[in-house]
Amino acid sequence: MSEAAARPGLVDGARLQLRVIGALVIREMHTRFGRQRLGYLWLFAEPLLLGGVIALLHGASGGEGIRSSFEFFSIGFMLFQLFRGIVARAPNTINANQSLLYHRQVTLPDLFFARHAIELAASAGVMALFVFAGIAMGGEAPDHPVKMILALVLMLLLAQGLAFMVGSITSEFEAVGYFIQVATFGLMPICGLMFMVEWLPAEWQEAALWVPTVHLFELMRDGQFGEQFNPVYDLAYVGWWIIVPHLLGLAGLRIARKRVGLD
1 MSEAAARPGL VDGARLQLRV IGALVIREMH TRFGRQRLGY LWLFAEPLLL GGVIALLHGA
61 SGGEGIRSSF EFFSIGFMLF QLFRGIVARA PNTINANQSL LYHRQVTLPD LFFARHAIEL
121 AASAGVMALF VFAGIAMGGE APDHPVKMIL ALVLMLLLAQ GLAFMVGSIT SEFEAVGYFI
181 QVATFGLMPI CGLMFMVEWL PAEWQEAALW VPTVHLFELM RDGQFGEQFN PVYDLAYVGW
241 WIIVPHLLGL AGLRIARKRV GLD
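Residue 59 in UniProt numbering sits at position 59 of the sequence shown, and the numbers go up by one each step.
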């Protein structure tokens, strides 16, 4: 009887929290793009333009096969854009939305979830467009779309854990946020966007696999190109990189919540 009574409470609580996150998404969209609905198109237009330009530049570099293909760089860039968009926007998440915390239904993780939902929608939407564009340009359909979706979800979770940590630290030390902006760009050469592990010299391959994002790019390309290359990735290793930052980040957010004095 008590279990039956508890279930509606859990369901109602989940629905309430989803409504809160939905409202935060709308507010974030208004803040970022204004109230003109045409401004929302920039959410997709910006990564579409950036990804397209990078893919076309590398596609014209004269390489062979997937090393210079439009699909390789356009879709890979969207995976990187998801990671960078989440982590780079983390520093000002708490301070910019501190007034919302006077509503007790709004929690610190909710502020992050709303931003991450926007980044996921933009990256996934533009990625789908690039997939269809690649097919229209004479490329092949992805071998395993499920693996591509899994890579996208795992990249979201990896970036989210780091964003929790960054957000909790920068709520106290704002200057750290400037370093994060630079660091996310600095990751581009080593994150796995520009290369496959099997292309590297043998002595560099082991070093590359210490970077967790490399495993997710390998998983993404496994879904894209199938047997055209030999992917190298360890999802258990990525799992630890997701779990540990989430635990540390959520603990940091609890401390940050007490610091802002709204409990």
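Even glycine gets a Cβ: it sits at the ideal position worked out from N, Cα and C.
Judged by their CB atoms, A96 and S168 are not nearer to each other than the 8 Å cut-off. A Cβ-Cβ contact shorter than 8 Å links V238 with L158. For V238, the three-state secondary structure derived from DSSP is helix. Look at the beta carbons and you see the segment 138-148 touching the segment 218-228: at least three pairs across the two are nearer than 8 Å.
Restricted to the segment 153-190, the alpha helix (DSSP H) segments that are unbroken, complete and at least 4 residues in length are 176-186, listed in chain order. Distance between F132 and S123, taken at the CA atoms: about 14 Å. Contact annotation: V166 and A90 have beta-carbon atoms nearer than 8 Å. The shortest CA-to-CA distance from V126 to any of L43, L108, F179 and T93 is the one to L43.
For F113, the enclosing alpha helix (DSSP H) stretches over residues L108 to A136. Taking 8 Å as the cut-off, the beta carbon of S69 is found no closer than this to the beta carbon of F130.
Per DSSP, the continuous alpha helix (DSSP H) segment holding V214 begins and ends at P212 to F225.
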